[in-house]
Structure formats: structure tokens, C-alpha cells
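In the working numbering, the protein residues as written are 1 to 313.
Backbone N, C-alpha and C define an ideal beta-carbon position, used for all residues, glycine too.
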Ligand code: 13P
Ligand code: SF4
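Next comes the structure, spelled out in C-alpha cells:
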């Protein structure tokens, strides 16, 4: 339920956003009250696409998401100011893959292409042949036509690609993971299924392989959202960060019911975005919220992102 305070803030933001000609991009994991005032809501690929295609129509971008997603918006729009509406938005998985580790693997496997997940720092991105997201990882890896791929940092996503494509995936680093998804267990799925026997289980590919085995649908947050929107089923178990189930319940409930696999599946980085910070950015663009990347790093990081778009559109 929307609080009176948030309602007031939302109204002020919508008015100011118009005056400022700012574009607000929100990921499914941020608070739903933020999603409600965004120009676009989506997964990391969709938000990158919107940043690439629509930024020219706006004076600046406010990203309510993880830091790496705001960095992607900067990389795609080097001349545009980008602000992030949380102060602790750094994704811990991105920290697991510093660029020197990628260099080590590249030295060891000089002929093997490097595919990196967008959940990485801008500097790590400079080491990739091509970037990917959870919604296009399989396609990107297939398009490389290589029987071995250096893939990082999410080991579970890499294992899923391996299972679906038979490509030999070398994980970089050995054991990168998302703490929100990695904690889901087969027991959690079984418990949710016995409580909701008619529900379809949807899971994000950052979950462990045994959890994905139990899912009916595996895909990015947008793939899950789109599936639930069109499905004739009435009940769904959502194995990802809780924000997606909140969005789905707000958009399609109470007719359809969406059960987060665990209420405790909360990404602290995403939840550090606030309406108050968005309001303050619109009012006075605080320096602390500005996302800046060294232009040389940004230029190099763009190569792998452009290649991703070239390969999959
Ligand atoms: P999506 O691209 O599926 O939204 O995933 C991003 C993410 O950080 C998942 O934890
Ligand atoms: Fe990173 Fe996991 Fe949060 Fe996604 S949910 S931003 S992978 S910590």
C-alpha cells in the first residue's frame, strides 16, 4: 500500500521531472513506489536499450537501479549526465570480478573469447569481447561459434548457459555468485509448491542449477514479467528478488497471485534507491549521486556492449 508520504513525494517528483526534462529508469527490484513514477521499468537489457535509444529526448537520466546499470547508461551516453538514486548501489557480484583476475584467465586461455555479464564494473567490461545479460546470455554465447568460453562473474548463469548450449564454460572467477539468488534451495521450492500446488515456478538464472531444475520457466526479470502477464495461470512462485513479485502483484493482482519464493530475498543495493533521493536529484543534482567514468575506460567498455547489441539487437 502506498503511504501518504510517498504519494506526496511521487506527485512532486512527477511535476519536477516534467520541468527538468529528466528520464527516470527503474529496475524491477527497486521499491515499487519508485517503479510507479519511472519512464521505463525493466531488466538490465531493457534499461540499457532505453538508455541507448531514448536518452537524446531528455536532458539527463536518473537511474533507480544497481550502480553497474547506471554505468551502462553513462557508457552508452558519454555526453549525458547520469545520476543514481541510491548511495549503496554497488552489486557485490561485480566486486567478485576485478579486471586483474580476468587478465589472469586471458593469459591462461589466450584463444578463448571472454563473455562478461553486465553485472561488472566499467573497468572489468574493458576486458570483454562481448557483454551479455541474463536475457541474452545463451544467444550471445551461441553466436560466438566457439566450443569454449571464458564467462563471468556469475557461475550459476554460466552453468545454465553450459547446460542449454553444451559449450564448455570456464567460470571467471571460479565461484562468482549473487547472494540474493544463491541462497534459494530446492527445499524452498518444494515448500512453496506444496503451499501453492497450482502455481507455475519462475526462476532467475542466477539461482543454483538444482533450483533451476525445479523451475517451469527460467529467464531474466523481464522474461518472467512478460510470461506472467500473458499466462492464463492464476498463481506464480517467483524465485528472484522480492521486488518483481511486488510489481507483478501491483499490476496483475488480485486476479493473479504472485508469491515471492522467499520474503527475505532482498537486494540491499537495489533497495538503497529512494524516492527522496530522486526528489533531491531533481531539485539540486547532488554531486554524490552523479555517476562518472573515466572517458578512456568508458570508450573501451563500450566495445563489448555495442557487440552485444550487434549480435542480438
Ligand atoms: P535482470 O537483467 O534479469 O533484471 O537481472 C539483473 C540482476 O541484477 C539480477 O540479479
Ligand atoms: Fe547484484 Fe544480486 Fe542485487 Fe542483482 S540481485 S544487483 S546480482 S546483488
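Residue i: buried (16+ other C-beta within 10 angstroms of its C-beta) or exposed?
{"i": "residue 17", "result": "buried"}
{"i": "residue 35", "result": "buried"}
{"i": "residue 289", "result": "buried"}
{"i": "residue 253", "result": "exposed"}
{"i": "residue 175", "result": "exposed"}
{"i": "residue 87", "result": "exposed"}
{"i": "residue 242", "result": "buried"}
{"i": "residue 287", "result": "exposed"}
{"i": "residue 161", "result": "buried"}
{"i": "residue 135", "result": "buried"}
{"i": "residue 4", "result": "exposed"}
{"i": "residue 247", "result": "buried"}
{"i": "residue 166", "result": "exposed"}
Under 8 Å by Cβ, that's how I've got residue i and residue j pegged, so tell me the actual separation to the nearest angstrom.
{"i": "residue 64", "j": "residue 273", "result": "4 Å"}
{"i": "residue 25", "j": "residue 47", "result": "5 Å"}
{"i": "residue 168", "j": "residue 154", "result": "Residue 168 to residue 154, Cβ: 17 Å. No contact."}
{"i": "residue 14", "j": "residue 33", "result": "Contact flag wrong, Cβ pair sits at about 12 Å."}
{"i": "residue 314", "j": "residue 291", "result": "This structure does not reach residue 314, given that the chain is present from 1 up to 313, and the question cannot be answered."}
{"i": "residue 192", "j": "residue 261", "result": "6 Å"}
{"i": "residue 317", "j": "residue 20", "result": "Nothing can be reported for residue 317: it is not among the residues displayed for the chain, which extend from 1 to 313."}
{"i": "residue 210", "j": "residue 186", "result": "5 Å"}
Out of the options, which one is the CA nearest neighbour of residue i?
{"i": "residue 180", "options": "208, 166, 163 and 160", "result": "208"}
{"i": "residue 143", "options": "242, 279 and 113", "result": "113"}
{"i": "residue 22", "options": "284, 166 and 6", "result": "284"}
{"i": "residue 89", "options": "54, 224, 69 and 308", "result": "69"}
{"i": "residue 308", "options": "225, 145, 139 and 160", "result": "139"}
{"i": "residue 232", "options": "212, 255 and 98", "result": "255"}
{"i": "residue 55", "options": "117, 73 and 118", "result": "73"}
{"i": "residue 183", "options": "206, 286, 191 and 169", "result": "206"}
{"i": "residue 67", "options": "299, 293 and 311", "result": "293"}
{"i": "residue 235", "options": "242, 241, 185 and 195", "result": "195"}
{"i": "residue 103", "options": "127, 131, 116 and 94", "result": "127"}
{"i": "residue 227", "options": "204, 242, 213 and 210", "result": "204"}
{"i": "residue 298", "options": "121, 238 and 190", "result": "121"}
{"i": "residue 271", "options": "261, 165, 213 and 29", "result": "29"}
{"i": "residue 312", "options": "91, 131 and 97", "result": "131"}
{"i": "residue 240", "options": "277, 230 and 189", "result": "189"}
{"i": "residue 44", "options": "61, 268 and 118", "result": "118"}
{"i": "residue 137", "options": "261, 213, 170 and 115", "result": "115"}
{"i": "residue 275", "options": "37, 20, 125 and 61", "result": "37"}
{"i": "residue 267", "options": "217, 166 and 31", "result": "31"}
{"i": "residue 124", "options": "105, 156, 145 and 100", "result": "100"}
{"i": "residue 310", "options": "27, 129 and 93", "result": "129"}
{"i": "residue 133", "options": "221, 6, 279 and 263", "result": "221"}
{"i": "residue 146", "options": "263, 156 and 170", "result": "170"}
{"i": "residue 95", "options": "218, 217, 223 and 173", "result": "173"}
{"i": "residue 212", "options": "225, 251, 159 and 223", "result": "159"}
{"i": "residue 218", "options": "230, 238 and 229", "result": "238"}
* **the segment 198-211 contacting the segment 139-150, beta-carbon criterion three pairs below 8 Å** => Two segments are said to touch when three or more pairs of C-beta atoms, one from each, lie closer than 8 Å; by this definition the segment 198-211 does not touch the segment 139-150.
* **Three or more C-beta pairs below 8 Å linking the segment 102-112 and the segment 300-307** => By the Cβ rule, the segment 102-112 does not count as touching the segment 300-307, because fewer than three pairs are nearer than 8 Å.
* Asked: Below 8 Å, can you find three or more Cβ-Cβ pairs linking the segment 48-57 to the segment 76-86?
  -> Yes, since at least three Cβ pairs between the segment 48-57 and the segment 76-86 fall closer than 8 Å, the two stretches touch.
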